[in-house]
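Quick note: the sequence shown, position 29, residue 823 per the working numbering, numbers continuous.
Reviewing the structure listed below.
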Amino acid sequence: MKLFLRSVALMVISAMLVCACSQPKQVESDVGKPVRIILVGDSTMATRSGYGDALCQRFKPDVTCLNLAKGGRSSGSYRAEGSWEVVQKLIASNAQFSQTLVLIQFGHNDQPGKPGRSTDLATEFPVNMAGYVEELQAAGAHAVLLTPLTRRSFKGAQLQNDLRPWAEASIKVATSKHVTLIDLNAISYKAVQAMGEAEADTLAMAPPPAVLPVATTDLSKIEKAGAAKSAFDRTHLGGKGAAYFSSMVLKELLIVAPVLQSHVNAETR
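As structure tokens, this is what we get:
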């Protein structure tokens, strides 16, 4: 009888060990550490003119969300001016966080006609984007590429989308580097096309004037370098636009990064 009981006890202990080993282990060094999100991009993401701050506000305090996007910057000028160096110094302290996600969105100011900012679509833009991804991967951070937010300029009933080539270039970089991508250009284009010009104009920084200026194809005269001024245009965002597109970005971000689900303020979803 004693031998039988001893055999049963050994079998139970063995089963418990197998069960314990099969469970996923939480890395102890990550327990209790906050998640960090860093936003890198242009004015459509930046403070006061984009959706970035509104996106950060949708997360609980246990998420460190930093909006480092800047108006008028391209994939080239953001690095050239030293802004990317700031990001690199931040991710050097990556061990303080359970994980760091860096959302990168460029394209608006990479287009031709913007001296000191524009980049060549074939030879410079994809190289710049790939460089950001490679450096983040080397530092142990997670890159999330976003294609550029649509402009809201219509011709008749049709929304224009001259940013699509830059979106396609970002998609190719994400595919080749095996990183997460949100095709914000396609999603936002579809939404703005569906709402129409009148409703889309309510997303701007200011109401449209009674008489709109004659349309121009010189993009350098439309989007000045630096922070956007509080005037009507069909690129930058007011409070309503920031809320609308930050909700859109959050929805897509939770799909590609479900680990963030528990870190979102329920009332801001």
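For each residue, glycine too, the CB sits at the ideal point set by N, CA and C.
Query: Local Cβ density within 10 Å of S869, reported as buried at 16 or more and exposed below that; Result: buried
Query: Counted within 10 angstroms of its Cβ, other Cβ atoms place H1030 as buried (16 or more) or exposed; Result: buried
Query: Where the alpha helix (DSSP H) containing A933 begins and where it ends; Result: 919 to 933
Query: Same chain, Cβ closer than 6 Å to C859, neighbours up to 5 away in sequence not counted; Result: I831, C850, F853
Query: Outcome for A913 when other beta-carbon atoms lying within 10 angstroms are tallied against a minimum of 16; Result: The displayed chain sequence assigns Thr, not Ala, to residue 913. So T913 counts as buried.
Query: Assigned secondary structure, K949 (DSSP; H/G/I helix, E/B strand, else coil); Result: strand
Query: Among V1053, S1041, Q931, nearest to H972 - alpha-carbon criterion; Result: Q931
Query: Collapsed DSSP secondary structure at Q905 in the structure displayed; Result: coil
Query: Inter-residue spacing [alpha-carbon to alpha-carbon] between I898 and K1034; Result: 22 Å
Query: Coarse secondary structure for T1011, derived from DSSP in three states; Result: Since pLDDT at T1011 reaches only 44, below the 50 mark, its modelled position is unreliable, and the value read off the structure follows with that caveat. Coil at T1011, not helix or strand.
Query: C-alpha distance - D1012 paired with R1028, whole-angstrom precision; Result: Model confidence at D1012 stands at a pLDDT of 42, short of 50, so the residue's coordinates are unreliable and nothing is read from them.
Query: Backbone secondary structure at G870 - three-state DSSP; Result: coil
Query: With 16 other Cβ atoms within 10 Å as the buried cut-off, status of P1003; Result: exposed
Query: DSSP-derived helix/strand/coil call for N979; Result: helix
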